[in-house]
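**Student:**
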Amino acid sequence: MPSALMNIVKKELKEIFRDPRLFLGMVVIPMLMFPIMGLAMQGIMSETTRAVTTEINIAILNLDEGEIGGIILNDTGLRIVASQYNITLTYLNTLGVKDKETALQILSNNETIVALVVIPRNFTECIMNQQFIVIETYIALRELGFEASASGERVNIFLRIFEEVVSTYIIQNIDPNANPVFVRNPIIPETNTVCNGKVVRGVSPSMIVQMATFQLFMMPIASMMLLSVAIQFAATSVASEKEQKTLETLLTLPINRSAIVFGKLTGSLLVSILGTIGYMIGFQFYMSSITQNIPINQINLAELGLGIDLVGYILIGSSLFLSILSTLALITVIASFAEDVRSAQSLTGTIFVPIMMVGFFSAFALSFGKPGLWATIMLFIPFMNPMIVPMYLVQKDYTIVLISIIALIFETIASIHLAANFYSSEKVLSARIRFRKRRKRREQEET
Numbered sequence: 001m002p003s004a005l006m007n008i009v010k011k012e013l014k015e016i017f018r019d020p021r022l023f024l025g026m027v028v029i030p031m032l033m034f035p036i037m038g039l040a041m042q043g044i045m046s047e048t049t050r051a052v053t054t055e056i057n058i059a060i061l062n063l064d065e066g067e068i069g070g071i072i073l074n075d076t077g078l079r080i081v082a083s084q085y086n087i088t089l090t091y092l093n094t095l096g097v098k099d100k101e102t103a104l105q106i107l108s109n110n111e112t113i114v115a116l117v118v119i120p121r122n123f124t125e126c127i128m129n130q131q132f133i134v135i136e137t138y139i140a141l142r143e144l145g146f147e148a149s150a151s152g153e154r155v156n157i158f159l160r161i162f163e164e165v166v167s168t169y170i171i172q173n174i175d176p177n178a179n180p181v182f183v184r185n186p187i188i189p190e191t192n193t194v195c196n197g198k199v200v201r202g203v204s205p206s207m208i209v210q211m212a213t214f215q216l217f218m219m220p221i222a223s224m225m226l227l228s229v230a231i232q233f234a235a236t237s238v239a240s241e242k243e244q245k246t247l248e249t250l251l252t253l254p255i256n257r258s259a260i261v262f263g264k265l266t267g268s269l270l271v272s273i274l275g276t277i278g279y280m281i282g283f284q285f286y287m288s289s290i291t292q293n294i295p296i297n298q299i300n301l302a303e304l305g306l307g308i309d310l311v312g313y314i315l316i317g318s319s320l321f322l323s324i325l326s327t328l329a330l331i332t333v334i335a336s337f338a339e340d341v342r343s344a345q346s347l348t349g350t351i352f353v354p355i356m357m358v359g360f361f362s363a364f365a366l367s368f369g370k371p372g373l374w375a376t377i378m379l380f381i382p383f384m385n386p387m388i389v390p391m392y393l394v395q396k397d398y399t400i401v402l403i404s405i406i407a408l409i410f411e412t413i414a415s416i417h418l419a420a421n422f423y424s425s426e427k428v429l430s431a432r433i434r435f436r437k438r439r440k441r442r443e444q445e446e447t
């Protein structure tokens, strides 16, 4: 009995490892996919750690017409507690700055300063009258990533420290029996964002980053859907013709084999574009119905310099077009090795779907940090390029995108040349993926 069980187990293992669909999908692809996803997550975590632990510089502008503002800012405890959170304070009044406009220019031009806190003119008056104090904060947004959210959180930490010092001062020096509601939270923060010299009032940098990330996700999703639909159409077309024996008839016609390849590529491309347009219209309507009541959607990212310009869209279109051509050319070759439509879809899905998911996941990771070496390598993989390119374009890195598109042109030419040569030979009719060919020959020779 144990020997029989062992034989069954061995048989099942052999079947799995000899079936290319199972072997690739369950062994090879996970071995390649998860390390790449791990690298992406490693980049996210390292970026998060750096943003949280890096020392930041907050500028303080005191416009208070009384004396309490200066007393609070010169409090030794305020500086000591702020330094424990890696927060350095720069007092602009000591540098001769007297107005908010000049302070905002310093914030925009000095990259070492991440935020500006403005003490209002009526600061002392509000404290004496026990009125809530509106403190304006201006946070610089210089790049998309965790750094923007981390900077905003550190500014909030400073405001809480500042508020505690104010509360202590009120109890000790103004009125020990003051209104507890006012003493507990005397400050009302007003968060604003400064991006490329423009002020966005009432919006934090993290909200703008979330909005930009949401819009950028639409491009990788569209690219992934377009590639997926094109791959399935091309694989189904080739395998269907091969299964129904119409491919043999087509190859016997007095038509150039290259024309056959280009015809298949063009047909699959047009149909996949129509399918993707329908999908994206429905998806866009779905997302807009969810977010239509969110005020942040009224912000124009292009005006803030965070959108993609016309040149960027041309590069994205070129990347997507070349990627589809290159991928479809490879699919027409790979699908020729399948015996029927089901096998073709399983084979192409096993190979390309996990790879495209890695590309989409990497695009997600890129939205939270700067591109690294692994992201640059993915740019030179045809079916990953259009998913990664938008993230580089938002960060205005046109050079690497142009280099990747030039490389993509050569890859596309090579793929089409490979497909044309393959269809010019007779291998297109006899191609099969068989892992047990040698074993069958050996069994026939023994019998």
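If you're matching positions, the sequence shown starts at 1 in the numbering used here and goes up one per residue.
Beta carbons: idealized from backbone N, C-alpha and C, even for Gly.
What are the boundary residues of the beta strand (DSSP E) that Glu136 is part of?
**Tutor:** 133-140
**Student:** For my contact list, Ala329 and Ser415 are in at a C-beta cut-off of 8 Å; report their separation, rounded to the angstrom.
**Tutor:** Right, their Cβ atoms sit about 4 Å apart.
**Student:** Between the alpha carbons of Ile308 and Leu393, how many angstroms are there, rounded?
**Tutor:** 7 Å
**Student:** Suppose the cutoff is 7 Å on Cβ atoms and the five residues either side in sequence are ignored; what does the same chain contact list for Leu89 look like?
**Tutor:** Ile58, Ile60, Arg79, Ala82
**Student:** Kindly indicate which residue of Gly152, Asn129, Met225 has the alpha-carbon position closest to the one of Asn179.
**Tutor:** Asn129
**Student:** Would you kindly work out how many angstroms separate the C-alpha atoms of Ala140 and Ala222, rounded to a whole number?
**Tutor:** 31 Å
**Student:** Mind checking Tyr472: buried by the 16 CB within 10 Å criterion, or exposed?
**Tutor:** Any question about residue 472 goes unanswered here, given that the chain covers just 1 to 447.
**Student:** Touching or not, the segment 254-262 and the segment 310-324, by the rule of three or more beta carbon pairs under 8 Å?
**Tutor:** The segment 254-262 vs the segment 310-324: no contact.
**Student:** Per DSSP, Leu89 is paired with what?
**Tutor:** Paired residues: Ile58.
**Student:** Measuring alpha carbon to alpha carbon, tell me which residue in Leu310, Ala150, Asn196, Asn122 is nearest Pro390.
**Tutor:** Leu310
**Student:** When the Cα of Asn185 is compared with those of Lys198, Asn192, Ile170, which residue comes out closest?
**Tutor:** Ile170
**Student:** Return the bridge partner residues of Glu153 from the DSSP annotation.
**Tutor:** Paired residues: none, contrary to the question.
**Student:** Please report how far the alpha carbon of Met378 lies from the alpha carbon of Ile388, in whole angstroms.
**Tutor:** Cα to Cα, Met378 sits roughly 8 Å from Ile388.
**Student:** Give the range of the alpha helix (DSSP H) segment to which Asn448 is assigned.
**Tutor:** The requested residue 448 does not occur in the structure, where the chain is confined to residues 1 to 447.
**Student:** Here's a check: name, in chain order, each residue in its chain whose Cβ is nearer than 7 Å to the Cβ of Phe262, leaving out the five neighbours to either side.
**Tutor:** none
**Student:** Should Phe132 go down as buried or exposed, given a rule of 16 or more other Cβ atoms within 10 Å for buried?
**Tutor:** exposed
**Student:** Select from Thr112, Arg121, Glu111, Ile277 the residue whose C-alpha is nearest the C-alpha of Lys100.
**Tutor:** Arg121
**Student:** Could you say if the segment 110-120 and the segment 155-166 meet the contact criterion of at least three C-beta pairs nearer than 8 Å?
**Tutor:** yes
**Student:** Could you check which residue in Met219, Ser204, Thr266, Thr124 has the C-alpha nearest to that of Gly66?
**Tutor:** For Gly66, the nearest C-alpha among the options comes from Thr124.
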